[in-house]
Structure formats: C-alpha cells, structure tokens
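Read the sequence shown against the numbering used here and you will find it ends at 490, with the numbers running on by one and no gaps. Quick notes on the structure that follows.
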Amino acid sequence: MDRIAITGGYRLEGQLPISGAKNAALPLMCASLLTKETLTLSNLPHLADIKTLKLLLEGHGVKTTVENEGVNLSEGQTISFETPDITSTVAPYDIVRKMRASILVLGPLLAREGEATVSLPGGCAIGNRPIDLHLKGFEEMGAKIELEEGYVRAVAPGGRLEGGTVHFPTVSVGATENILMAATLASGETIIDNAAREPEISDLANCLNAMGANISGIGTKTLTVKGVESLHGAQYAVMPDRIEAGSYAVAAAMTRGEVELLGHDLLDVMRGTAGVLKQAGVGFKQTDDGVIVTLERDKIKGVDVSTQPYPGFPTDMQAQLMAMMTICDSASVINETIFENRFMHVPELCRMGADITMHGSTAIVRGVDGLLGAPVMATDLRASMSLVLAGLVADRQTFVNRIYHLDRGYERLVEKLSACGAKIIRDANLGI
Ligand code: UD1
Numbered sequence: 059m060d061r062i063a064i065t066g067g068y069r070l071e072g073q074l075p076i077s078g079a080k081n082a083a084l085p086l087m088c089a090s091l092l093t094k095e096t097l098t099l100s101n102l103p104h105l106a107d108i109k110t111l112k113l114l115l116e117g118h119g120v121k122t123t124v125e126n127e128g129v130n131l132s133e134g135q136t137i138s139f140e141t142p143d144i145t146s147t148v149a150p151y152d153i154v155r156k157m158r159a160s161i162l163v164l165g166p167l168l169a170r171e172g173e174a175t176v177s178l179p180g181g182c183a184i185g186n187r188p189i190d191l192h193l194k195g196f197e198e199m200g201a202k203i204e205l206e207e208g209y210v211r212a213v214a215p216g217g218r219l220e221g222g223t224v225h226f227p228t229v230s231v232g233a234t235e236n237i238l239m240a241a242t243l244a245s246g247e248t249i250i251d252n253a254a255r256e257p258e259i260s261d262l263a264n265c266l267n268a269m270g271a272n273i274s275g276i277g278t279k280t281l282t283v284k285g286v287e288s289l290h291g292a293q294y295a296v297m298p299d300r301i302e303a304g305s306y307a308v309a310a311a312m313t314r315g316e317v318e319l320l321g322h323d324l325l326d327v328m329r330g331t332a333g334v335l336k337q338a339g340v341g342f343k344q345t346d347d348g349v350i351v352t353l354e355r356d357k358i359k360g361v362d363v364s365t366q367p368y369p370g371f372p373t374d375m376q377a378q379l380m381a382m383m384t385i386c387d388s389a390s391v392i393n394e395t396i397f398e399n400r401f402m403h404v405p406e407l408c409r410m411g412a413d414i415t416m417h418g419s420t421a422i423v424r425g426v427d428g429l430l431g432a433p434v435m436a437t438d439l440r441a442s443m444s445l446v447l448a449g450l451v452a453d454r455q456t457f458v459n460r461i462y463h464l465d466r467g468y469e470r471l472v473e474k475l476s477a478c479g480a481k482i483i484r485d486a487n488l489g490i
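What follows is the structure, encoded as structure tokens:
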C-alpha cells in the first residue's frame, strides 16, 4: 500500500485551487438516473468515490462519456451521463459496501422505475449510520419497503411515488437528497420538512430545476417539490468543495503561511468553518479569484466548538480543527454532535505529542509547543487529513498510512501541497 511522507516545518505559500465538491458531485451524478436525456457535469473532482459511483451507475444502464479529462491542477473533469433505459434496478453489495453514498441511487431508481433494490450500506468507521430516515421518507410517499438478505427492496404501488409531507425528526443530508430526487417525478406536491440546508443540497436542487424539476424553498429547511412527468437533460458545474477549502485554510494557518485558495464563493459556502477559524485568529481576505488565508496572531487561539448541521461548524471539519488546536495557545473543547465514534484521530494525534483527553463525545485539547513526526494511520477520510495537517508542522518526518481514505476525498493532495512549498511525497508500496 502507498503511504504519504511529510517533513514538517515548511511554511505554505502560494495558490491552491479548490476542486469540485465530492459531496455535491455524488448526488448530482445520481440525478442522471432521473432522465432519458444527457446530464453533463463539469468540475467533477478526480477521486476514488467518483470512479466507484460511475461504475455503480453504469451497472444501472447509464452511459458515461468523459468529455474533458481535466488534466491541470485547477481543472475538474467533465463527464456526460445518459440513461435511455434503466437496465437494472439492483445496486449490488460489492459496490455499495465501498461507499455509503451509493444509497442515493435508491430515490432516483424508485422514482423512474417504480422499484429498486439496494444493498444496505452497512456499518462505517464513523459510527452506525443507519438509513431509517431515507426509508421513512419513501414510505411517506407511498412506497412499500422490505428488508431481505441485506438488501432494501422498495416498490411504489402503481409504479409512481405519491407526493406527501415528509418530516425528518433529525436533519440528514443524504435522506434529504434521496427524497428530493424522488419527489421530482412523484405525482402531486411533496413537502420536505426539517430538510438539511447544506450548500450541496442547494446545488442538487438547482441542477434538478435546470433539468425541469419544480423545487422551491431552496436553502431553507422546508423544500416544496411539485412533481413533473419527466425531466430533461442539462449542463451543470459542480460547486467548490468547502471541506477541502477549510482543510487547506487550516494548513495555511498552522504553518503560519499565506495561501490563496482559488474558487468562487468560497467564503460564502465555508462560512461555518470560517467563523470558527476567525475566532482562532485566522484571517480571510477576499480576492478576485478566491480568498487569501493567513494567521493574524503569533499563536493559534484556542476555541470551543460543537459540530452542527449547516450553517454550523461541519462535522467533516472536526478532525482538521482538532489538529489545529493541538498547537493552540491555551485549550479547546471540541464536541461532536453528529456522529458517534468520530474521534479515531485522537490516539494518533497523541502519538505525535498532542495533549488530548476524551470524555464521550467531547475532547479537551490542550495546546502544546510542538508536535513530533511519527508513523500514523487513520480509519476515515477527514481523520487522515488531520494527520497530514499535524505532519506539516511536526518536527522531523510523519508517515501517513492507509491513504486510500485520502484518495476518496482529496484530489491531488500531494501535488497541491507541494506546489505551495510543503515537503510531502507519496511513497509507492511502502505503507502498511
Ligand atoms: C453526509 C456527508 C458526510 C457528512 C454528513 C454530515 C455525503 C456523501 N456525505 O453524510 O460527509 O459527514 O453528511 O454532514 O454528502 N442518520 C440517521 N438515519 C438516517 C440517516 C442519518 O439516524 O437514515 C443520522 C446519522 O447517523 C448521523 C446524522 O443522522 O448521526 C447525520 O447523517 P447524514 O446527514 O445523513 O449524513 P450522510 O448523508 O450520510
């Protein structure tokens, strides 16, 4: 297995292009199942998860054409998706187990074909992650759901889902996206109450409207969807990745560097993260092409934070913020409210000299003067990034193992950081 080797202590300086958002790209690709016509998506990141979903969609009959490979650091890929006929309504275990977001084919398949059978995604390193809210939503739209042999089978009696009111007792990004896609082709009006408001959901809703859907209330917690008979093709550019941008903002601050993150509307989409980073002393300056990030004090200031649904501080930035707090001037209390078991980076950060104690879903991080490089490994994507960030400032070398997690969500990480002066390389076949 490959590993990443980082020699810490180098200040980051330069421009860093922000890729298209993985968490927006995945539902947008699934939306292609809703129409016979061609959906062309640009600014798609080059990531393992995009390849996995492309494979899954091809199994359902989606014909994909790479229109532009996007070979430069600053260029995403453009892929067109055309599904004249759905050739299979079954999403098999072999692919779904690799990526939980595969559950997002359930809504589109059910809406277009009146039935779908999708493997249960199973457990995940960051907690139990059930799909009960997705299934409850489909039932409220008239679907009959059965669980058999590890698969969910959903059938719309009469072949079409019916509009209705879907109320989510807790906010779920994936369930909101699944029901939103399904509702576009349902009969009548669907109201999604207590919908997630993440910008990736607005991106999906805007794309669906460009395909002929009738969605209002975009960006609010109540989405109203008037069902239509069919959707048509469209061209759509994926929004920038606010978690990637936040992660590199942390990298700039921790290394006391000056980095211009390139991308449109970055400060707007990463406002939950930027608000907390500002309290920690990080400065953001809007430019024509993006935003310049610097640390505006001698030392990072300790801040207390709780993860929250958008527009609060995102759980997907919790591990990276914790890496930053390991070298703060005082102490920080970090409370994880979205996922249980999302502190797997803590023992690894401690092996690098961090001072962190955990009490259930709360971590107390006491700032230390410096970290020390070590061989480390993580069990999920964002936790892996927190170890890279720690490695950028640690004395001597840090070796990050199991980097397939990073390949799932950070496009060209080594190239992007190297271009800003980091001493980071990918060692082929040296990892564990
Ligand atoms: C998405 C993101 C992920 C992010 C998360 C929260 C993608 C591909 N992934 O994941 O990066 O960390 O939002 O911002 O966009 N829940 C239930 N029942 C359900 C669904 C969810 O109890 O049916 C719970 C989850 O266990 C979790 C919480 O609701 O505690 C939020 O999960 P959710 O918003 O659904 O996360 P994902 O869509 O899986």
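We put the CB at the ideal spot given by N, CA and C, even for glycine.
- Item | Any non-hydrogen atom of the ligand UD1 within 7 Å of Arg466 CB | Position 408 of the sequence shown, counting from 1, holds the residue named residue 466. Every heavy atom of the ligand UD1 is 7 Å or more from the Cβ of Arg466, so no.
- Query: Considering only the beta carbon of each residue, do Leu162 and Cys88 sit closer than 8 Å?
  - Reply: Taking the first residue of the sequence shown as 1, we reach residue 162 at position 104. Taking the first residue of the sequence shown as 1, we reach residue 88 at position 30. The answer is yes: Cβ separation under 8 Å.
- Item | Own chain residues within Cβ distance below 8 Å of Leu464, not counting five before or after | Position 406 of the sequence shown, counting from 1, holds the residue named residue 464. Same-chain partners within the cutoff: Ile62, Leu439, Ser442, Met443, Val446, Val458 and Leu471.
- Message: Looking at the strands, I want to know which residues DSSP matches up with Arg61.
- Response: Numbered from 1 along the sequence shown, position 3 holds the residue referred to as residue 61. Its beta-bridge partners are Asp485.
- In whole angstroms, what separates the C-alpha of Gly232 from that of Leu262? Looking up residue 232 in the sequence shown gives position 174. Looking up residue 262 in the sequence shown gives position 204. C-alpha separation (whole angstroms): 11 Å.
- Query: Does the separation of the CB atoms of Gly285 and Leu243 fall below 8 Å?
  - Reply: Translated into the one-based positions of the sequence shown, residue 285 becomes position 227. Translated into the one-based positions of the sequence shown, residue 243 becomes position 185. Yes. Within cutoff.
- Keeping to the same chain, check which residues put their C-beta closer than 6 Å to that of Cys386; ignore five residues upstream and five downstream. Counting from one through the sequence shown, the residue named residue 386 turns up at place 328. So the qualifying residues of the chain are Ile358, Gly360 and Gly425.
- Query: Any heavy atom of the ligand UD1 within a distance shorter than 7 Å of the CB on Ser230?
  - Reply: Position 172 of the sequence shown holds residue 230. Residue side-chain check: Ser230 places its Cβ nearer than 7 Å to a non-hydrogen atom of the ligand UD1.
- How would you call Leu84, buried or exposed, if buried means at least 16 neighbouring beta carbons within 10 angstroms? Numbered from its first residue, the sequence shown carries residue 84 at position 26. Its Cβ being crowded by 16 or more others within 10 Å, Leu84 is buried.
- Spatial distance of Pro298 from Ser100 (CA atoms): Walking along the sequence shown from the start, residue 298 turns up at place 240. Walking along the sequence shown from the start, residue 100 turns up at place 42. Going from the Cα of Pro298 to the Cα of Ser100 covers about 11 Å.
- Message: My assumption, with CB atoms under 8 Å, is that Ala377 sits in contact with Ile422. Please give the rounded CB distance.
- Response: Within the sequence shown, residue 377 is the residue found at index 319, counting from 1. Within the sequence shown, residue 422 is the residue found at index 364, counting from 1. Contact check for Ala377 and Ile422: beta-carbon distance about 16 Å, past the 8 Å limit, so the pair fails to qualify.
- Query: If we call anything under 8 Å between Cβ atoms a contact, is Leu429 one with Thr384?
  - Reply: On the sequence shown, residue 429 is found 371 positions in, with the first residue counted as 1. On the sequence shown, residue 384 is found 326 positions in, with the first residue counted as 1. Going by C-beta atoms, Leu429 is nearer than 8 Å to Thr384.
- Message: Quick check: what's the CA-CA separation for Ala50 versus Arg454?
- Response: There is simply no residue 50 to check, as the chain begins at 59 and stops at 490 in what is shown.
- Item | Residue closest to Leu205, alpha-carbon to alpha-carbon, out of Lys336, Gly216, Gly291 and Leu178 | On the sequence shown, residue 205 is found 147 positions in, with the first residue counted as 1. Taking only the C-alpha atoms, the option nearest Leu205 is Leu178.
- Message: Tell me whether Glu258, by its Cβ, gets closer than 7 Å to a heavy atom of the ligand UD1.
- Response: For the purposes of this step, residue 258 is identified with residue 200 of the sequence shown, where counting begins at 1. True, at least one ligand heavy atom lies under 7 Å from that Cβ.
- Leu92 and Arg211: beta carbons closer than 8 Å? Indexing the sequence shown from 1 puts residue 92 at position 34. Indexing the sequence shown from 1 puts residue 211 at position 153. In this structure, Arg211 does not lie closer than 8 Å to Leu92 by Cβ.
- Alpha carbon to alpha carbon, what distance is there between Arg314 and Val340? Here the question's residue 340 lines up with position 282 in the sequence shown. Here the question's residue 314 lines up with position 256 in the sequence shown. Cα-Cα distance, rounded: 10 Å.
- Query: So Met269 is in the beta strand (DSSP E); what residue range does that whole segment cover?
  - Reply: As a first step, residue 269 must be located in the sequence shown, where it is residue number 211. Met269 -> no beta strand (DSSP E), and no H or E assigned at all.
- Query: How many Å lie between Asn399 and Ala448 at the Cα?
  - Reply: In the sequence shown, counting from the first residue as 1, residue 399 sits at position 341. In the sequence shown, counting from the first residue as 1, residue 448 sits at position 390. Pairing Asn399 with Ala448, the inter-Cα distance amounts to about 21 Å.
- Item | Opposing strand residues paired with His417 [DSSP bridges] | For the purposes of this step, residue 417 is identified with residue 359 of the sequence shown, where counting begins at 1. Its beta-bridge partners are Thr420.
- Tell me where the beta strand (DSSP E) around Phe540 begins and ends. There is no way to answer for residue 540, as the model of the chain reaches only from 59 to 490.
- Message: For a cutoff of 8 Å on Cβ pairs, would you count Ile482 as touching chain B?
- Response: The displayed structure is made up of one protein chain only, and chain B is not part of it.
- Message: the ligand UD1 and Phe397: does the residue's C-beta get closer than 7 Å to at least one heavy atom of that ligand?
- Response: The sequence position of residue 397 within the sequence shown is 339, counting from 1. Answer for Phe397: yes, Cβ within range of the ligand UD1.
- State the DSSP-derived secondary structure class of Asp323, mapped to helix, strand or coil. As a position in the sequence shown, residue 323 is number 265, starting the count at 1. Correct three-state label for Asp323: coil.
- With Asp563 as the anchor, note down where its beta strand (DSSP E) starts and where it stops. The structure shown does not extend to residue 563, since the chain is modelled only from 59 to 490, so the question has no answer here.
- Query: Which first and last residues belong to the alpha helix (DSSP H) in which Gln378 is found?
  - Reply: By one-based count along the sequence shown, residue 378 stands at place 320. Taken as a continuous stretch (DSSP letters only), the alpha helix (DSSP H) holding Gln378 covers Gln376 to Met383.
- Does the distance from the C-beta atom of Leu70 to that of Cys408 stay below 8 Å? Counting from 1 along the sequence shown, the entry for residue 70 is found at position 12. Counting from 1 along the sequence shown, the entry for residue 408 is found at position 350. No; because the gap between Cβ atoms is not below 8 Å, this pair is not in contact.
- Message: Please tell me whether, using a cut-off of 7 Å, the distance from the CB of Ile392 to the nearest non-hydrogen atom of the ligand UD1 is below it.
- Response: One-based indexing of the sequence shown puts residue 392 at position 334. Not so, every heavy atom of the ligand UD1 lies at least 7 Å from the Cβ.
- Query: Relative to the ligand SAH, is the shortest distance from any of its heavy atoms to the C-beta of His104 smaller than 7 Å?
  - Reply: Among the ligands in the structure shown, the ligand SAH does not appear; only the ligand UD1 can be found there.
- Task: Might you give, ordered along the chain, the residues of its own chain that have their beta carbon closer than 7 Å to the beta carbon of Arg484, omitting 5 neighbours on each side?
- Result: Along the sequence shown, one-based indexing puts residue 484 at 426. Same-chain partners within the cutoff: Asp60, Ile62 and Val472.
- Item | Residues near Leu238 in its chain [Cβ-Cβ closer than 8 Å; skip 5 each side] | Locating residue 238 in the sequence shown gives position 180, counting from the first residue. Beyond the five residues adjoining it in sequence on each side, Leu238 comes within less than 8 Å, by CB distance, of Gly165, Ile250, Ala253, Ile259, Leu262, Ala263, Leu266, Ile273, Leu281 and Val283 in the same chain, given in chain order.
- Applying the criterion that 16 or more other CB atoms from any shown protein chain within 10 Å of the CB defines a buried residue, is Ala486 buried or exposed? Taking the sequence shown and counting its residues from 1, one reaches residue 486 at position 428. Per the 10 Å Cβ criterion, exposed.
- Note down, in chain order, each residue of its chain lying with its Cβ closer than 6 Å to the Cβ of Ser138, except the 5 sequence neighbours on either side. Along the sequence shown, one-based indexing puts residue 138 at 80. Once the five neighbours on either side are set aside, the close Cβ partners of Ser138 are Thr96, Thr98, Thr123 and Glu125.
- If I'm right that Val351 touches Val317 with Cβ under 8 Å, what's the distance once you round it to whole angstroms? Taking the sequence shown and counting its residues from 1, the one referred to as residue 351 is at position 293. Taking the sequence shown and counting its residues from 1, the one referred to as residue 317 is at position 259. Contact check for Val351 and Val317: beta-carbon distance about 5 Å, within the 8 Å limit, so the pair qualifies.
- Query: So, are the CB atoms of Gln105 and Arg466 less than 8 Å apart?
  - Reply: By 1-based counting over the sequence shown, the position of residue 105 is 47. By 1-based counting over the sequence shown, the position of residue 466 is 408. The sequence as given places Leu at residue 105; Gln does not occur at that position. Yes, the Cβ-Cβ distance between Leu105 and Arg466 is below 8 Å.
- Item | Endpoints, the beta strand (DSSP E) within which Gly121 is located | Within the sequence shown, numbered from 1, the residue matching residue 121 stands at position 63. According to the sequence displayed, residue 121 carries Lys and not Gly. First-last of the beta strand (DSSP E) with Lys121: Lys121 to Asn126.
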